[in-house]
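A.B. asks:
Number of protein chains: 2
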Amino acid sequence: MSKPTIYSIAQRCGVSAATVSRAFNRPELVSEPVRKQIMAAARELGYQPSSAARGLVTGRAETIGLIVSDITNPFFPLLVRAVQRTAERMGSALMLVDAEESAAAEVAHVARLRSRVDGVIVASPRSSSAALREAARGLPCVLLNRPLRDLSSVICDNTSALFDAGEHLYKHGHRSFALLAGPSASWAAARRSQAIRRWARGRGVELTELGPFRATFKGGRQAGAALLETAATGAFAFDDLTACGVLAELAGRGVAVPGERSVVGCDDVLLAKTVTPSLTTVTAPMDDLGETAVQVLTRQIEAPGGAPEHVRLPGVFVARDSTGPRSGS
Amino acid sequence: MSKPTIYSIAQRCGVSAATVSRAFNRPELVSEPVRKQIMAAARELGYQPSSAARGLVTGRAETIGLIVSDITNPFFPLLVRAVQRTAERMGSALMLVDAEESAAAEVAHVARLRSRVDGVIVASPRSSSAALREAARGLPCVLLNRPLRDLSSVICDNTSALFDAGEHLYKHGHRSFALLAGPSASWAAARRSQAIRRWARGRGVELTELGPFRATFKGGRQAGAALLETAATGAFAFDDLTACGVLAELAGRGVAVPGERSVVGCDDVLLAKTVTPSLTTVTAPMDDLGETAVQVLTRQIEAPGGAPEHVRLPGVFVARDSTGPRSGS
DNA sequence: TCGGGGAATGAAAGCGATTGCATGGATTCT
DNA sequence: AGAATCCATGCAATCGCTTTCATTCCCCGA
């Protein structure tokens, strides 16, 4: 026999389909004995409501989409987990797609998801503002780590944490710094660079800007090599992955960290605690970011056409072993 | 005005809804001019077919589910990417859930996904065979890295690659080995341990078994500490994450790798190339695994009730910097 | 005793697509 | 020229569920 429906159950219990539906969605409208009987029959038949049918009439897919620019970047798994967990708590499933670094794929995916989800979260979008705006037209959408006036956004602001990082190095005697810039298309990269520049200027210390480098391990090695061309003893890497590359490059060349150079990363991915030396970095509040994004999205879904929301969550500086006193020279 | 449907388009073009539907699904049945007109109107109105409605009548969700035991384990991102990519190529979307290490969550998620997907892939399941069998009853399902007679499975078999790893160490003069076992609930762990035992016995070398350890960085550090209690110069870690922990612990205690001890990991996660020293390990054919899993699943979906398939893909040994000649003693 | 009100249930109308069958006009064959 | 074909299209049923409105029945107050 085929898949059980509310009708199978209705028939079996001698009630109408409407009652079965109510037993599930508005149990208080159904008398106790009938409800119990229905539930029993449902369990027995292994009934599962068809979400397609429900979605068709309610107009809700109970699903949200998450587009990440590159799932292999260690930044994302924690985010994915937070988003999925929150979505589930709100009764929604998560549809995930990986844009594999391509801006075009990003907007194509938004289009593809349109008909299957109630809304989408785009994490670290690479696309142009115009493309994003266009792609999200008429679809609840929140951007992660990319502000845009007409779309909701949740961003992690590391500005003040990076100031702290600077101060931390300064206190350790460092006076000459290098900024290893991240990809120019990344809003986060621009913002971080800006924060560090501002700090350096305010502090009146020397800052050499290098890059941009790709946000990969390899990019980090290149950055490490470039760093060694300078006399800077304190280096700000764009993110942890880059920082790890730097560390590897320095280690490979026999340069001691933090003995000879101090390196700070950003994001505090799992990797950061794992490498040797463990990375001094800026912790992004992943769980909060993911949770907030889902909540904002949910609000957008429930009140379509509402004003976009913009949430800013600060990162926090955390000192570990990749930074230390400036070597006596 | 509300969301466009085939009726809006039909009306606008002076044709029936059926024709519009055909224009999309069976274009060869619609005359050229009409088809063009419909397409134009669709584009203009920003029409997107409702997948709920289509799903209701076709009985297909065009979606597959992927349940991973722990998305933060670096093993998974590559797999997720491969699965998503393949699913997309087959016209399906990917619904992802993270069981967060819980066996109970695993089966609960299968149940929850039932009504929204055409089938599910369960990666590295932690649940008991009986629970899995029960959860997958009547739902196309393929297991990844866990064989089970009545369910399809795709597994990565590292047995022969681990033999290679052993030989590699042996050639480098190692004669005393440690096996740092992984979680006892993991089929992969059991299988790997078995392979190594077999090799050691065959080779007639000494093998000390330690563990089980959790498959985390911390677990690896413990394993590292345990390793140092022994005289073994060659260590087989359960996986790369564990191996990284071992490396960190040894580094922390000033033990040189590969100078004093050689360590081999397993899986070849991104991490493996990243750490210092880079990890000698066994590469799992991630892309193949993901792709094959989706293909097998698709077959199951198309021919429900067909016999389960079992695919076995071999890992391949790769030597890097965490192994080397046994220190002269 | 009778009417009003509330609780439990049923009937039926969609939701937006797909699809088998029917139809009508143009084309082709004899 | 009349019949047989075929192509493009329309009609209408259907998928499984939710939800409005109506109905029935029972209890209570006057």
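Which chain is which? The protein sequence lines are V and X, in order.
Here the first sequence is numbered in UniProt numbering, starting from 1 and rising by one per residue.
Here the second sequence is numbered in UniProt numbering, starting from 1 and rising by one per residue.
Every residue, glycine too, gets a C-beta built ideally from N, C-alpha and C.
From a predicted model like this one, the values you see are computed outputs, not experimental measurements.
What residues in its chain sit with their C-beta under 7 Å from that of G290 (chain X), if we drop five residues either side in the sequence?
C.D. replies: For G290 (chain X), where only same-chain residues beyond five positions count, the Cβ hits under 7 Å are L79, A82, V83 and T86.
A.B. asks: Would you grab the beta carbon distance between L162 (chain V) and W199 (chain V) for me? Rounded to a whole angstrom, and I think it's under 8 Å.
C.D. replies: Indeed, because the Cβ distance is near 7 Å, the residues count as touching under 8 Å.
A.B. asks: Which two residues bound the contiguous beta strand (DSSP E) that contains R312 (chain X)?
C.D. replies: Counting along the chain, the beta strand (DSSP E) containing R312 (chain X) begins and ends at H310 to P314.
A.B. asks: Locate the beta strand (DSSP E) running through T63 (chain V), then write down its first and last residues.
C.D. replies: First-last of the beta strand (DSSP E) with T63 (chain V): T63 to V68.
A.B. asks: Answer with yes or no whether the minimum CB distance from M95 (chain X) to chain V is below 8 Å.
C.D. replies: Yes, M95 (chain X) lies at the interface with chain V (some Cβ there is under 8 Å from its Cβ).
A.B. asks: Taking CB distances under 8 Å as the criterion, tell me whether S322 (chain V) reaches chain X.
C.D. replies: By this cut-off, S322 (chain V) is not an interface position.
A.B. asks: Would G305 (chain V) be called buried (16 or more neighbouring beta carbons within 10 Å of its own) or exposed?
C.D. replies: Label assigned to G305 (chain V): exposed.
A.B. asks: On the DSSP bridge list, what partners appear for D98 (chain X)?
C.D. replies: BP columns for D98 (chain X) point to X:V68.
A.B. asks: When you compare the CB of G290 (chain X) with every CB in chain V, is at least one pair closer than 8 Å?
C.D. replies: Taking Cβ atoms only, chain V never reaches closer than 8 Å to G290 (chain X), which makes this a no.
A.B. asks: Helix, strand or coil for G166 (chain X), going by three-state DSSP, please let me know.
C.D. replies: Helix.
A.B. asks: Touching or not, the region 107-115 of chain X and the region 251-270 of chain X, by the rule of three or more beta carbon pairs under 8 Å?
C.D. replies: As far as the Cβ criterion goes, the region 107-115 of chain X does not touch the region 251-270 of chain X, which means the pair count is below three.
A.B. asks: Run down chain X in chain order and give the residues with a C-beta less than 9 Å from the C-beta of R43 (chain V).
C.D. replies: Here the premise fails: no neighbours, minimum Cβ distance about 12 Å.
A.B. asks: Listed from N- to C-terminal order along the chain, which residues in the region 268-299 of chain V have their beta-carbon within a distance smaller than 8 Å of any beta-carbon of chain X?
C.D. replies: Listed in sequence order: L270, L271, K273, T274, V275 and T276.
A.B. asks: Have a look at K3 (chain X) and L66 (chain X) and give me their C-alpha separation to the nearest angstrom.
C.D. replies: Rounded to whole angstroms, K3 (chain X) to L66 (chain X) spans 31 Å at the Cα level.
A.B. asks: Just the C-alpha distance for G224 (chain X) and G245 (chain X), rounded to the nearest angstrom, thanks.
C.D. replies: Distance between the alpha carbons of G224 (chain X) and G245 (chain X): 7 Å.
A.B. asks: Excluding sequence positions up to five away, which residues of its chain have a Cβ less than 8 Å from the Cβ of S329 (chain V)?
C.D. replies: Only weak support is given to the placement of S329 (chain V): the predicted model assigns it a pLDDT of 49, under 50, and the question is left unresolved by the model.
A.B. asks: Which residue comes first and which comes last in the alpha helix (DSSP H) that contains residue 338 (chain V)?
C.D. replies: Because chain V here runs from 1 to 329, residue 338 (chain V) falls outside it and cannot be looked at.
A.B. asks: Which residue marks the beginning of the alpha helix (DSSP H) containing A307 (chain X), and which one marks its end?
C.D. replies: Neither: A307 (chain X) is in no alpha helix (DSSP H) and is coded neither H nor E.
A.B. asks: Applying a beta-carbon distance threshold of less than 7 Å, which residues of chain X neighbour A53 (chain V)?
C.D. replies: Those within 7 Å of A53 (chain V) in chain X are L56.
A.B. asks: Along the chain, which unbroken stretches of the alpha helix (DSSP H) at least 4 residues long are found entirely within the region 128-200 of chain X?
C.D. replies: The qualifying runs are 129-135 and 159-171.
A.B. asks: Helix or strand or just coil, what does DSSP make of A235 (chain V)?
C.D. replies: Strand, per DSSP.
A.B. asks: Residues of chain V with a CB under 8 Å from the CB of D98 (chain X): which are they?
C.D. replies: V80, R81, Q84 and R85, listed in chain order.
A.B. asks: Whose C-alpha, out of V:V294, V:L313, V:V275 and V:T292, is nearest the C-alpha of S322 (chain V)?
C.D. replies: If we check each option's Cα against that of S322 (chain V), V:V275 comes out closest.
A.B. asks: Within a Cβ cutoff of 7 Å, which residues of the same chain sit near A231 (chain X), ignoring the five residues on either side of it in sequence?
C.D. replies: Only S176 meet the Cβ criterion.
A.B. asks: Sort V:V296, V:P308 and V:G259 by Cα distance to S327 (chain V) and report the nearest one.
C.D. replies: Out of V:V296, V:P308 and V:G259, V:G259 has the C-alpha closest to the C-alpha of S327 (chain V).
A.B. asks: Of the residues V:S8, V:R146 and V:R43, which one's Cα is nearest the Cα of V311 (chain V)?
C.D. replies: Comparing Cα-Cα distances from V311 (chain V) to each of V:S8, V:R146 and V:R43, the minimum goes to V:R146.
A.B. asks: Quick one: grab the DSSP three-state call for V255 (chain X).
C.D. replies: Of the three classes helix, strand and coil, the one that applies to V255 (chain X) here is coil, per DSSP.
A.B. asks: Cβ of F236 (chain X) within 8 Å of Cβ of L180 (chain X)?
C.D. replies: Yes, Cβ-Cβ distance for F236 (chain X) and L180 (chain X) is below 8 Å.
A.B. asks: Go ahead and label V216 (chain V) buried or exposed: buried means 16 or more other beta carbons lie within 10 angstroms of its beta carbon, across all protein chains shown.
C.D. replies: Residue identity differs from the one stated: residue 216 (chain V) is Thr in this sequence, not Val. The residue is buried, with at least 16 neighbouring Cβ atoms inside 10 Å.
A.B. asks: How is the beta strand (DSSP E) around D228 (chain V) delimited, first residue to last?
C.D. replies: The residue you asked about is not Asp; residue 228 (chain V) is Leu in the sequence shown. Taken as a continuous stretch (DSSP letters only), L228 (chain V) belongs to no beta strand (DSSP E), being part of the alpha helix (DSSP H) at F217 to E229.
A.B. asks: Considering Cα atoms alone, identify which of V:T233, V:G252, V:L279 and V:D118 is closest to T242 (chain V).
C.D. replies: Residue V:L279 is the option with its Cα nearest to T242 (chain V).
A.B. asks: Kindly list, in the order they appear in chain V, the residues whose Cβ is closer than 9 Å to that of F217 (chain X).
C.D. replies: Here the neighbours are L270, K273 and T274.
A.B. asks: Rank X:A40, X:E302 and X:D287 by C-alpha distance to the C-alpha of P314 (chain X) and give the top, closest one.
C.D. replies: Checked all of X:A40, X:E302 and X:D287; the closest Cα to P314 (chain X) is X:D287.
A.B. asks: For P77 (chain X), would you say it is in contact with chain V, using Cβ-to-Cβ distances shorter than 8 Å as the test?
C.D. replies: Cβ-Cβ to chain V under 8 Å: yes for P77 (chain X).
A.B. asks: For the region 36-53 of chain X and the region 5-20 of chain X, state whether three or more C-beta atom pairs, one from each stretch, are separated by less than 8 Å.
C.D. replies: Contact between the region 36-53 of chain X and the region 5-20 of chain X is present, because at least three Cβ pairs lie under 8 Å.
A.B. asks: Quick one: Cα of A52 (chain X) to Cα of A61 (chain X), how far?
C.D. replies: Rounded to whole angstroms, A52 (chain X) to A61 (chain X) spans 8 Å at the Cα level.
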